[in-house]
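Engineer: Encoded as structure tokens, here's the structure I'll be asking about.
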Amino acid sequence: MTDDVANLPFGIDFGGTGIKGAPVDLATGEFAQERVRIKTPEKSTPENVAEVLAELVGQFPKSSAPVGITVPGVVRHGVVGSAANIDQSWIGTDADRLFTRALGRDVHVVNDADAAGLAEVTYGAAKGRRGLVILTTLGTGIGSAFLYDGVLTPNSELGHLEIDGHDAEARAANSARESEGLSMEKWAHRLTTYYRTLEKLFSPDLFVVGGGISKRSDEFLPLVDIDTEIVPAQLRNQAGVVGAALYASA
Ligand code: BGC
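Just so you know, my numbering puts the end of the sequence shown at 240, numbered straight through with nothing missing.
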């Protein structure tokens, strides 16, 4: 390993089941070293997560390069503002400050879907696309990134639109497909309702669909009946780590 790796920004993706991190080469959008994954603590409070982050970063060479960390909630100026699928104690936590202290490094926290959007617009499915691109991640919840001419408007939270009297993600996230045992056809029907609502409200030029299930996009995207172009994300499960590193170094 060269000294150069220690100078690269470090990205961390904090998810419901795993916390993954790696230094990222921003010239290529690739991991500069193999990523490390640690199980998310059962009770994923900010303090418990901070401990795991320190353990994870400790497995890499000492560095003073900035660290970007994704959080599955609203993040304003480093402070977490919502916690739909994580411990409620995140709300109001100054995560930038807590993690900067825990890691002894300059830390910048970013919403998980916003990080994925930054990664896709820089290296992936939205690269070079002008106009409005809406990236959605279909996972435990639905995350969204709103990108106009490549510029992110953070915290769009389009998973929480109310559609037919329901919080959209409760019906259309991948977790709803799994917990209700929906066929791809039935789920695609719900996704059609979801994306048609987004079309009506925002008239985007492109939808990009991320989240773990996007690797099976050929099983459901062709069944989503909308007018706007809709494509799978390209960075797959690397998008969070890469986008977090991008965010930290901006
Ligand atoms: C949260 C978002 C997050 C998304 C995906 C939603 O429930 O409100 O902030 O981006 O889940 O994790």
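A virtual CB, placed ideally from N, CA and C, is assigned to each residue, including glycine.
Quantities reported herein were computed from a predicted structural model and do not represent experimental measurements.
Is it buried or exposed for Val123, if we count other Cβ within 10 angstroms and need 16 for buried?
Structural biologist: As a position in the sequence shown, residue 123 is number 133, starting the count at 1. The residue is buried, with at least 16 neighbouring Cβ atoms inside 10 Å.
Engineer: Run the CB neighbour count on Pro212, radius 10 Å, all protein chains shown included, and call it buried at 16 or more, exposed below.
Structural biologist: Residue 212 sits at position 222 when you count from the first residue of the sequence shown. Flag for Pro212 reads exposed.
Engineer: Mind the definition here: the segment 198 to 213 touches the segment 31 to 47 only if three or more C-beta pairs lie below 8 Å; say whether that holds.
Structural biologist: The segment 198 to 213 is not in contact with the segment 31 to 47.
Engineer: Whole angstroms are fine: how far does the CA of Leu93 sit from the CA of Val111?
Structural biologist: One-based indexing of the sequence shown puts residue 111 at position 121. One-based indexing of the sequence shown puts residue 93 at position 103. Roughly 29 Å separates the two Cα atoms.
Engineer: Taking 8 Å as the threshold (C-beta atoms), are Leu181 and Phe210 in contact?
Structural biologist: For this step, residue 210 is matched to residue 220 along the sequence shown. For this step, residue 181 is matched to residue 191 along the sequence shown. Their beta carbons are under 8 Å apart, which means Phe210 touches Leu181 by this criterion.
Engineer: So is the beta-carbon of Pro62 under 7 Å away from any non-hydrogen atom of the ligand BGC?
Structural biologist: Looking up residue 62 in the sequence shown gives position 72. Within the cutoff, so yes.
Engineer: For Leu151, I'd like the list of residues in its chain whose CB is within less than 6 Å of its CB, leaving aside the five on either flank, ordered along the chain.
Structural biologist: Within the sequence shown, residue 151 is the residue found at index 161, counting from 1. Around Leu151: Ala158.
Engineer: Out of Met174, Gly149, Gly121, Gln228, which one is the CA nearest neighbour of Ser193?
Structural biologist: As a working note, residue 193 is residue 203 in the sequence shown. The shortest C-alpha separation from Ser193 is found at Gly121.
Engineer: Could you tell me which uninterrupted alpha helix (DSSP H) segments, each at least 4 residues in length, are contained entirely in the segment 129 to 214, listed from first to last along the chain?
Structural biologist: Listed in chain order, they are 158 to 162, 164 to 169, 174 to 192, 207 to 210.
Engineer: Please work out which residues of its chain come closer than 6 Å, Cβ to Cβ, to Tyr113, disregarding the five sequence neighbours upstream and downstream, and give them in chain order.
Structural biologist: Position 123 of the sequence shown, counted from the start, is the residue given in the question as residue 113. The answer, listed in chain order, is Gly19.
Engineer: Measure from the alpha carbon of Gln23 to the alpha carbon of each residue in Gly6, Asn38, Gly8, Gly1, then state which is nearest.
Structural biologist: As a working mapping, residue 23 is identified with position 33 in the sequence shown. The residue with the shortest Cα to Cα distance from Gln23 is Gly1.
Engineer: Could you give the DSSP three-state label for Asn227: helix, strand or coil?
Structural biologist: What you label residue 227 is simply residue 237 of the sequence shown in a count that begins at 1. Helix at Asn227.
Engineer: Would you say the beta carbon of Ala103 comes nearer than 7 Å to a heavy atom of the ligand BGC?
Structural biologist: Taking the first residue of the sequence shown as 1, we reach residue 103 at position 113. Because some heavy atom of the ligand BGC lies under 7 Å away, the Cβ of Ala103 counts as near it: yes.
Engineer: Report buried or exposed for Asp3, applying the criterion of at least 16 other Cβ atoms within 10 angstroms of its Cβ.
Structural biologist: Sequence index remark: in the sequence shown, residue 3 carries index 13 (1-based). Buried is the call here.
Engineer: Using only alpha-carbon positions, find the residue among Val198, Leu125, Ala(-4), Asp86 that is nearest to Phe50.
Structural biologist: Sequence index remark: in the sequence shown, residue 50 carries index 60 (1-based). The shortest Cα separation from Phe50 among Val198, Leu125, Ala(-4), Asp86 belongs to Ala(-4).
Engineer: Among Ala166, Gly63, Ser79, whose alpha-carbon lies nearest the alpha-carbon of Val99?
Structural biologist: Reading the sequence shown from its first residue, position 109 is the one you call residue 99. Looking at the Cα atoms, Gly63 is the closest of the given residues.
Engineer: On the three-state DSSP scale, how would you describe Thr60?
Structural biologist: Here residue 60 refers to the residue found at position 70 when the sequence shown is read from its first residue. Thr60 falls in the strand class under three-state DSSP.
Engineer: Between the segment 41 to 49 and the segment 221 to 233, do at least 3 Cβ pairs fall closer than 8 Å?
Structural biologist: In short, these stretches do not touch, since the Cβ pair count stays below three.
Engineer: Is DSSP giving Glu41 helix, strand or coil here?
Structural biologist: The residue labelled residue 41 in the question sits at position 51 within the sequence shown. DSSP places Glu41 in helix when its eight states are reduced to three.
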